Structures are given as C-alpha cells and as structure tokens.
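Asks: The letter at position 96 of the sequence shown is residue 96 when you use my numbering, and the numbering goes up by one with no holes. Glycine included, each C-beta is placed from N, C-alpha and C at the ideal position. Small disclaimer: the values here were computed from a predicted structure and weren't measured.
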Amino acid sequence: MPSRAPRPCTTGSCPGTPVRGSAKCADCLARSRRPRPSASAQGYGAEHRDRFRAGVLAKHPSCVCTEETHDHAAPCGAPSEHADHWPLSKRELRERDWDEHDPRHGRGLCHPCHSKETGRNQPAGWNDEAPPF
C-alpha cells in the first residue's frame, strides 16, 4: 500500500519537508529554537523606558488611536499602556539618524490598538514575508 505524500513544513510558505517528530523542516526548527534577544539588546533599555516611554505616556495618558465609529473617526480614549513610535518606526528613525528616544516621535496606545497597529504595519512570525531586520 502506498504511503501518503509528505506534508510541507508548517512555517509560512516554506517548501521544506518536516523532520521526523516535528511539523517543521530542519532549518525552520533551528530558527524557532534560537533564543530571543533581550529587550535591552533590541534597543528598549533604560533610556527607552525612562525617557521615551515615560514621556509619551505623560503626553498621551489616553489612547490616541482612531477607530472608525459610524461616519467619523474618534479617538479610542482607553488608558494608554504602550508608547508607540509614530509616524515613523523606530527602525526608520535610526535610518535617518534621528533620536529614537525623543517622546515627540511617539504616541500612547491601549493594548488592543497597539496590537492591531503592530500587526498591520510590522508583521512578523508566520505572517512575515521578509526578515524583520
């Protein structure tokens, strides 16, 4: 009796064949087991926390993200939990050699709005077409 065809790797559009006992190919499995860099190694250390985040949340204590309600856009208004780089991303600020920790380059968002904005503008993981860095 013929065996069924091997399934492709479950990582995005990877065409690889999974290794025995896993749903991922050897390359994707190795990438998924890499330790994630610490927050400070990614540029979110004390200066980010004390200067950028504190400044943005003081400037915007309520979420400033607009949601479509009826026929007009209104601010969300929930308490801000996240300091989001906006209108340029942290990466774009670095590329222009601008101060990425300046609170003028940020806005306060609640958790749901921050998640939506990040997913929409900076996809990663299974939804990423290109490497994040």
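For A83, count neighbouring C-beta atoms within 10 Å of its own C-beta (all shown protein chains included) and say buried if the count is 16 or more, exposed if not.
Replies: What you label residue 83 is simply residue 83 of the sequence shown in a count that begins at 1. Classification for A83: buried.
Asks: Might you give, ordered along the chain, the residues of its own chain that have their beta carbon closer than 6 Å to the beta carbon of E92, omitting 5 neighbours on each side?
Replies: Counted from its first residue, the sequence shown places residue 92 at position 92. Answer for E92: no residue qualifies.
Asks: Per DSSP, G108 is paired with what?
Replies: The residue you call residue 108 lines up with position 108 of the sequence shown. Paired residues: A83.
Asks: Could you pull the DSSP bridge partners for P75 from this structure?
Replies: If you number the sequence shown from 1, residue 75 lands on position 75. In the DSSP output, where bridge partners are listed per residue, P75 has T66.
Asks: Could you give the first and the last residue of the continuous alpha helix (DSSP H) run that contains G55?
Replies: Position 55 of the sequence shown, counted from the first residue, corresponds to residue 55. Start and end: 54-59.
Asks: Use the C-beta contact count for R104: other C-beta atoms within 10 angstroms, 16 or more gives buried, fewer gives exposed.
Replies: On the sequence shown, position 104 is the one that residue 104 refers to. Exposed, because fewer than 16 other Cβ atoms sit within 10 Å of the Cβ of R104.
Asks: So, is R31 buried or exposed, given that buried needs 16 or more other C-beta atoms within 10 angstroms?
Replies: By one-based count along the sequence shown, residue 31 stands at place 31. When all chains shown are included, R31 counts as exposed.
Asks: For E68 and K59, I'd like the C-alpha separation in whole angstroms.
Replies: Taking the sequence shown and counting its residues from 1, the one referred to as residue 68 is at position 68. Taking the sequence shown and counting its residues from 1, the one referred to as residue 59 is at position 59. Residue placement at E68 is flagged as unreliable, the pLDDT there being 49, under the threshold of 50; the coordinate-derived value follows with that caveat. Those two C-alpha atoms are separated by around 23 Å.
Asks: Would G106 and F52 qualify as a contact pair, given that the criterion is a beta-carbon distance under 9 Å?
Replies: Within the sequence shown, numbered from 1, the residue matching residue 106 stands at position 106. Within the sequence shown, numbered from 1, the residue matching residue 52 stands at position 52. Going by C-beta atoms, G106 is nearer than 9 Å to F52.
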